[in-house]
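**Student:**
Residue numbers (the UniProt record's numbering): 1 to 283.
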């Protein structure tokens with residue numbers, strides 16, 4: 001593995017919602033040395049471990065119910081109303097780092113629910129953001145992951161359609177068009193975050209420029225799985241790693257141009273570590 005030419009994608013790395021949440025956590029950790037966080041602050045194990053070493057304490061909803069008189073960070077994914085009710089009961093101070101795009105979506109879904117509309121959410125079952133969205137409907141909304149799953153439901157003539165903020169815009173509009181072709185009236189609400197969805201197009205351009213692509217992402221990241229596939233479809237010589245020691249020298253040939261990119265939950269420092277490792281190996 002000699003003379004590798006390594007470039008990091010400048011458009012990869014944390015979206016602004018994650019940057020905001022982590023900055024907020026770091027500021028409080030600097031002040032008081034510890035902070036509770038409801039769920040992983042970001043779907044990247046290496047970044048979570050870094051913050052845990054600084055005093056971040058990850059808790060789940062069961063632990064939240066037992067916690068009293070403490071401060072708890074709400075991560076960018078947002079939370080359902082029940083979480084805020086528990087905080088009131090337990091005298092918890094919530095540091096709300098919910099992404100503004102997610103909060104806007106929550107408010108729109110709540111407005112639709114208050115009008116007794118039948119709400120369908122294109123998203124991943126059990127995903128933290130989706131649980132927060134469902135909470136706005138008293139858990140009466142229907143979540144589906146693809147058109148086949150949606151069609152298994154007894155659908156009303158008029159459908160109010162929403163999407164998790166990190167889903168594909170193309171897939172969302174394909175679902176809308178398919179429903180309309182089948183005779184349903186669709187009130188579609190495109191609430192997909194463009195900072196995330198535009199990465200699809202940007203990554204295709206980036207991946208096409210290199211002999212090899214190293215895609216860096218946490219294994220829990222939904223966005224990471226989608227964007228990795230985008231890279232792989234564009235450049236078959238794309239390799240998924242979640243940390244530096246997963247890189248294998250046999251992937252590379254002498255003089256390869258190597259591109260490094262990642263998900264919206266991938267820290268830039270981790271991509272820089274990957275780059276540093278490749279450059280050390282190629283000396």
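The C-beta atom is built at its ideal place from N, Cα and C for all residues, glycine as well.
Out of 182, 181, 151, 134, point me to the one whose CA is closest to residue 162's CA.
**Tutor:** Nearest of 182, 181, 151, 134 to residue 162, Cα basis: 134.
**Student:** Which residues does DSSP list as the beta-bridge partners of residue 142?
**Tutor:** Looking at the DSSP assignment, residue 142 forms a beta bridge with 120.
**Student:** On a Cα-Cα basis, can you pick out the residue from 166, 121, 241 that is closest to residue 77?
**Tutor:** For the residues 166, 121, 241, the minimum Cα distance to residue 77 belongs to 166.
**Student:** Does the beta-carbon distance from residue 120 to residue 141 come in below 8 angstroms?
**Tutor:** For residue 120 and residue 141, yes; Cβs fall inside 8 angstroms.
**Student:** Going by other Cβ atoms of all chains shown within 10 Å of its Cβ, with 16 needed for buried, is residue 54 buried or exposed?
**Tutor:** Classification of residue 54: exposed, given that the 10 Å Cβ count is below 16.
**Student:** Taking 8 angstroms as the cut-off, decide whether the C-beta atoms of residue 101 and residue 218 are in contact.
**Tutor:** Result no, Cβ atoms of residue 101 and residue 218 do not sit closer than 8 angstroms.
**Student:** For the segment 153–202, list the beta strand (DSSP E) runs that are entirely contained and at least 3 residues long, ordered along the chain.
**Tutor:** Runs of the beta strand (DSSP E) inside the segment 153–202: 158–163, 185–188.
**Student:** Would residue 35 and residue 25 qualify as a contact pair, given that the criterion is a beta-carbon distance under 8 angstroms?
**Tutor:** Yes, they are a contact pair.
**Student:** Taking the Cβ atom as the reference point for each residue, do residue 193 and residue 215 lie within a distance shorter than 8 angstroms?
**Tutor:** Contact flag unset, no.
**Student:** So which of 67, 169, 10, 184 has the shortest CA-CA distance to residue 155?
**Tutor:** Among 67, 169, 10, 184, the Cα nearest to that of residue 155 is on 184.
**Student:** Residue 8 and residue 213 look like a contact to me (Cβ under 8 angstroms); what is the Cβ gap, rounded to whole Å?
**Tutor:** Not a contact, Cβ separation roughly 11 angstroms.
**Student:** Nearest to residue 303 by alpha carbon, out of 74, 81, 108, 111?
**Tutor:** One cannot answer for residue 303 here, as it falls past the ends of the chain, which runs 1 to 283.
**Student:** Residue range of the beta strand (DSSP E) that residue 57 falls in?
**Tutor:** Where residue 57 is concerned, the enclosing beta strand (DSSP E) stretches over 56–59.
**Student:** Excluding the five sequence neighbours on either side, which residues of its own chain have a C-beta within less than 7 angstroms of the C-beta of residue 191, listed in chain order?
**Tutor:** Contacts found: 105, 108, 162, 163, 165.
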